[in-house]
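Residue numbers for the sequence shown, in this note's numbering: 1 to 378.
The structure appears below as structure tokens.
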Amino acid sequence: MKIALVSPYDWAVPGGVNRHVFNLAQHFLRRGHDVTVVAPASKRSGEEPPYLHVIGHSSIGLPVSGSVANISMSYNLASRVKKLLAREQFDVVHVHEPFAPLLPFQFVRFSEATTIATFHAARDSGSRVYGYTQFIIQQWWHRIHGRIAHSQAALDLIGKYFDDDYRIIPSGIDYARFAEETVPMPAFMDAKRNIVFVGRQEQRKGLPYLIEAFATLKADMPETRLIIVGPDGGIRPACERYIEKHNVEDVIFTDFVAEEDLPRYYRSGDVFCAPNTGHESLGLILLEAMASGVPIVASRIPGFAAVVKDGEQGLLVPPRDSDALCEALKRLLSDAGMREAMGRAAAQHARNWSWDEVSSEVLAFYEETAANRNGNGA
Numbered sequence: 001m002k003i004a005l006v007s008p009y010d011w012a013v014p015g016g017v018n019r020h021v022f023n024l025a026q027h028f029l030r031r032g033h034d035v036t037v038v039a040p041a042s043k044r045s046g047e048e049p050p051y052l053h054v055i056g057h058s059s060i061g062l063p064v065s066g067s068v069a070n071i072s073m074s075y076n077l078a079s080r081v082k083k084l085l086a087r088e089q090f091d092v093v094h095v096h097e098p099f100a101p102l103l104p105f106q107f108v109r110f111s112e113a114t115t116i117a118t119f120h121a122a123r124d125s126g127s128r129v130y131g132y133t134q135f136i137i138q139q140w141w142h143r144i145h146g147r148i149a150h151s152q153a154a155l156d157l158i159g160k161y162f163d164d165d166y167r168i169i170p171s172g173i174d175y176a177r178f179a180e181e182t183v184p185m186p187a188f189m190d191a192k193r194n195i196v197f198v199g200r201q202e203q204r205k206g207l208p209y210l211i212e213a214f215a216t217l218k219a220d221m222p223e224t225r226l227i228i229v230g231p232d233g234g235i236r237p238a239c240e241r242y243i244e245k246h247n248v249e250d251v252i253f254t255d256f257v258a259e260e261d262l263p264r265y266y267r268s269g270d271v272f273c274a275p276n277t278g279h280e281s282l283g284l285i286l287l288e289a290m291a292s293g294v295p296i297v298a299s300r301i302p303g304f305a306a307v308v309k310d311g312e313q314g315l316l317v318p319p320r321d322s323d324a325l326c327e328a329l330k331r332l333l334s335d336a337g338m339r340e341a342m343g344r345a346a347a348q349h350a351r352n353w354s355w356d357e358v359s360s361e362v363l364a365f366y367e368e369t370a371a372n373r374n375g376n377g378a
């Protein structure tokens with residue numbers, strides 16, 4: 001098949017949707033398909049995949065659900081999209097977040113191929129954007145032939161505004177990469193027990209609650225360390241002020257970590273902690289840690305509860321509750337047997353989200369949708 005995968009988000013800025021698109025492309029190529037990834041890109045590093053086709057060379061950051069979405073707001077996208085579609089004659093056009101401004105919508109407008117849409121976003125309180133634009137979007141809804149929800153949380157959001165048939169197909173993880181035995185980071189291999197956090201330091205990731213919990217925990221369990229992996233998303237200065245004010249020791253900020261080193265950081269953890277406050281479609285970061293055999297302490301939010309069963313692969317606590325977070329961390333760090341049992345269960349459970357399985361399911365959905373479309377004479 002000749003497949004176009006379309007992302008609305010700046011390819012130069014790391015993010016979950018772009019990582020999802022990249023992994024789909026890689027697995028489709030391995031299966032012999034012809035793949036083009038279309039996305040805006042504000043800058044080029046020279047390391048982009050050869051199949052990337054850039055439409056939109058600038059982006060702006062828009063606040064979305066406690067994070068920032070970097071999208072292209074160029075208004076000359078339509079002609080470039082039409083030319084690409086006419087030249088390439090794709091069999092399948094797969095748009096991600098089809099009504100995010102502005103690139104994916106042009107493919108919905110002009111594609112004559114079998115058009116698939118994946119809805120990634122999850123927001124507990126609903127979407128003002130969908131609420132305000134529902135009647136406009138409805139005019140173009142029929143242009144989408146197959147609809148994928150990234151998770152039950154994503155389906156709950158989009159289904160609230162557009163009642164239709166959806167297939168839930170989650171993202172995957174490179175299970176073999178994270179499950180493979182690897183050497184932990186030497187700097188953290190001492191007598192201390194390590195709590196690892198991985199994620200962008202922004203409000204919805206809940207890092208301040210973890211730091212508060214760790215400050216309390218540290219008084220009772222001095223031989224503990226908190227390792228924070230990921231770039232600053234705007235809240236690091238406030239976190240550092242709290243740490244300094246309360247004299248909290250053994251909090252390590254690692255900033256940027258090379259992709260090849262990420263499994264080593266997971267392996268350095270006795271516990272992986274994700275204190276996110278909400279708006280998470282699926283706990284992929286949890287699955288990576290689980291594949292590494294690390295037990296989880298995480299917020300009980302829909303996207304996380306979909307991948308971790310409380311008491312089996314880890315412990316779930318109410319979001320925004322640093323006291324509950326502290327107690328759960330203390331419970332796991334005090335019980336080596338529990339950590340070992342939950343780590344084994346986590347590694348086994350994470351197998352279900354391998355990219356091999358997910359990419360096969362997506363390809364099967366393409367074929368099913370195309371067959372249904374042709375059978376209906378569309």
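Note that the Cβ used here is the ideal one computed from N, Cα and C, for glycine as well.
Note that this is a predicted model, so its numbers are computed, not measured.
Check your understanding: By a C-beta neighbour count over all protein chains shown, 10 Å radius and 16 as the cutoff for buried, is Ser140 buried or exposed?
Key -> According to the sequence shown, residue 140 is Trp rather than Ser. Under this definition Trp140 is an exposed residue.
Check your understanding: Using a C-beta cutoff of 8 Å, does Asp34 count as contacting chain B?
Key -> No chain B is present in this structure, which holds just one protein chain.
**Study point:** Rounded C-alpha distance that separates Ile173 from Ile285
**Key:** 9 Å
Check your understanding: Just to confirm, does Thr115 get its C-beta within under 7 Å of one of the non-hydrogen atoms of the ligand ADP?
Key -> The ligand ADP is not part of the structure shown, which contains no ligands of any sort.
**Study point:** Residue(s) in a DSSP beta bridge with His94
**Key:** Leu5, Ile116
Review point. Taking the alpha helix (DSSP H) that Leu315 falls in, what are its first and last residues?
Key: Careful: Leu315 lies outside any alpha helix (DSSP H), inside the beta strand (DSSP E) at 314-317.
**Study point:** Pair within 8 Å by beta-carbon distance, Thr118 and His142
**Key:** no
**Study point:** Length of the line joining the Cα atoms of Glu312 and Ala346
**Key:** 8 Å
Check your understanding: Do you know offhand how far Ala258's Cα is from Ala41's?
Key -> 21 Å
Point to revise | Minimum C-alpha distance to Thr114 - residue among Trp355, Ala4, Phe272 | key: Ala4
Review point. For Val17, which of helix, strand or coil comes out of DSSP?
Key: helix
Check your understanding: Would you call the CB atoms of Phe135 and Val6 closer than 8 Å?
Key -> no
**Study point:** Contact under 8 Å by Cβ, Asn276 with Arg204
**Key:** yes
Check your understanding: At what residues does the alpha helix (DSSP H) containing Arg147 begin and finish?
Key -> No alpha helix (DSSP H) holds Arg147; the beta strand (DSSP E) holding it covers 146-149.
Review point. Residues bridged to Leu207 by DSSP?
Key: None; Leu207 has no bridge partner.
Exercise for review: Flag this pair as yes or no: are the beta carbons of Leu333 and Val251 separated by less than 8 Å?
Suggested key: no
Point to revise | Neighbourhood of Glu367 by C-beta distance below 6 Å, restricted to the same chain and skipping five residues each side | key: none
**Study point:** Integer-rounded CB distance, given that Phe28 should sit under 8 Å from Val35
**Key:** 5 Å
Exercise for review: With DSSP as the reference, label Arg225 as helix, strand or coil.
Suggested key: strand
Practice item. Round the Cβ separation of Ala298 and Val308 to the nearest angstrom and send it over; I've been treating them as touching at under 8 Å. Key: 6 Å
Point to revise | When Glu288, Ser171, Leu316, Arg200 are compared against Ser360, the one with the closest alpha-carbon | key: Ser171
Review point. Thinking C-beta only, is Val248 closer than 8 Å to Ala213?
Key: no
Practice item. Hey, could you find the ends of the beta strand (DSSP E) Asn374 is sitting in? Key: Careful: Asn374 lies outside any beta strand (DSSP E), inside the alpha helix (DSSP H) at 355-375.
Check your understanding: Going straight from the alpha carbon of Gly377 to that of Ala25, what length do you get?
Key -> A caution first: Gly377 carries a pLDDT of 45, below 50, which makes its placement in the model too unreliable to give a value.
Review point. First and last residue of the alpha helix (DSSP H) that includes Leu333?
Key: 322-333
Check your understanding: Should Met290 be labelled buried (16 or more other beta-carbon atoms within 10 Å of its own) or exposed?
Key -> buried
Exercise for review: Quick one: residues in its chain with C-beta nearer than 6 Å to the C-beta of Leu52, no 5 flanking neighbours on either side, listed in chain order?
Suggested key: Val37
Exercise for review: Just mark Thr224 as buried or exposed, buried being the case when its beta carbon has 16 or more other beta carbons within 10 Å.
Suggested key: buried
Review point. Is Val183 buried or exposed, if buried means 16 or more other CB atoms sit within 10 Å of its CB?
Key: exposed
Review point. Does the pairing of the segment 70-89 with the segment 235-248 give three or more beta-carbon distances under 8 Å?
Key: no
Exercise for review: Using alpha carbons as the reference points, say which of Ser292, Arg109, Leu282 lies closest to Arg300.
Suggested key: Leu282
Practice item. Check whether the Cβ atoms of Glu48 and Trp11 lie closer than 8 Å to each other. Key: yes
Check your understanding: Of the residues Pro222, Pro319, Pro98, which one's Cα is nearest the Cα of Val129?
Key -> Pro98
Check your understanding: Is the distance from the Cβ of Leu103 to the Cβ of Leu85 below 8 Å?
Key -> no
Exercise for review: Report all residues from its chain with a CB closer than 7 Å to the CB of Phe178; omit the five preceding and five following residues, and keep chain order.
Suggested key: Pro263, Tyr266, Glu288, Ala291, Ser292
Review point. In the structure shown, what three-state DSSP assignment does Thr133 receive?
Key: helix
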